[in-house]
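Numbering (mature numbering (1 follows the signal peptide of the UniProt record, and there is no 0)), first residue to last: -19 to -1, 1 to 280. The structure appears below as structure tokens.
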Ligand SMILES: [Zn+2]
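So this is what it looks like as structure tokens:
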């Protein structure tokens, strides 16, 4: 039984020089891939597009239908170029730009002006306090002198975030479409999910060894969305010695990007609640603790 597992923190620094041999992508494949990249760069333009996607994928979580990479990951502009180059090289995994954890274990954030009412802010603070209670990560509200921070918005286009801390970004993006607290992007575990992206984590089902734990049912995936199931390379994601967690708040649901209402992700073990967003698991907390080198995380 393979025990190693998964939490993916993207740590790689891309080396374009180390490109492999050119492989045979057809012109049509390349055009389709460029179309895919343009789509995830744009995401949902407005509430109507978000609602239309929700209707297209009624069994999916809101963050899976937010139109970005893997649904809810907002890439940096230079990532798109890197991904296209890697695709042209015939690579099977993605390597994105260097990112890291937040310095001093402290994520600095602000609510963008006029985006949230008190109830939404309280729900986000609940998620922040939950992370603080279970890990050594701290949060601090932005002061005017902070130039690197997460800018939280509530635009009605879905839930999404950028991965990790990257100095040159300045204002990092995290969006939670306003909703009733406990619903859609405002489920507690979804808010934690998006903040975990900001802390440096990617989705469970994209770890390099996921095929040992789940089967991806290609024929059920909506055409053009197959790239959302591609893996990160072994050099980029670290499982921190923690077992694959089917019920992680970062695991997608069985019906993510389904074309036909049939599952796209099938667990190879007997599990229930895969894709749940009701709770955050002990291994979710442990991953944060190990990535941020919290005291006792490796005991
Ligand atoms: Zn996500």
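Ideal Cβ positions, reconstructed from N, Cα and C, are used throughout, including at glycine.
Asked	Found
Spatial neighbours of residue 196 in its chain, beta-carbon cut-off 7 Å, leaving aside the 5 residues before and after	247, 249
Residue 263 classed as buried or exposed, judged by whether at least 16 other C-beta atoms fall within 10 angstroms	exposed
Contact test: residue 232 Cβ vs ligand 1 heavy atom, cutoff 7 Å	no
Enclosing alpha helix (DSSP H) for residue 177 [first to last residue]	169 to 180
Touch test, the stretch 142 to 158 against the stretch 42 to 54, Cβ-Cβ under 8 Å, three pairs minimum	yes
Residue 224 to residue 204 span [Cα, whole Å]	31 Å
Same chain only: Cβ atoms within 6 Å of residue 237, ignoring 5 sequence neighbours per side	41, 45, 245
One or two residues paired with residue 202 in a DSSP bridge	239
Sequence-distant residues of its chain with Cβ nearer than 6 Å to residue 121 (five each side left out)	87, 89
Spatial neighbours of residue 119 in its chain, beta-carbon cut-off 7 Å, leaving aside the 5 residues before and after	86, 87, 113
Reduced DSSP secondary structure (H/G/I, E/B, other) of residue 97	coil
Opposing strand residues paired with residue 91 [DSSP bridges]	132
Three-way DSSP call (helix, strand, coil) for residue 2 in this model	Only weak support is given to the placement of residue 2: the predicted model assigns it a pLDDT of 46, under 50, and the value that follows is read from those uncertain coordinates. Looking at residue 2 - three-state DSSP - the assignment turns out to be coil, as it is neither helix nor strand.
Contiguous alpha helix (DSSP H) assignments of at least 4 residues, all confined to the stretch 22 to 47	28 to 37
Cβ-Cβ distance between residue 159 and residue 137 below 8 Å	yes
Backbone CA spacing between residue 72 and residue 240 [nearest angstrom]	25 Å
Cβ pair residue 254, residue 140 closer than 8 Å	no
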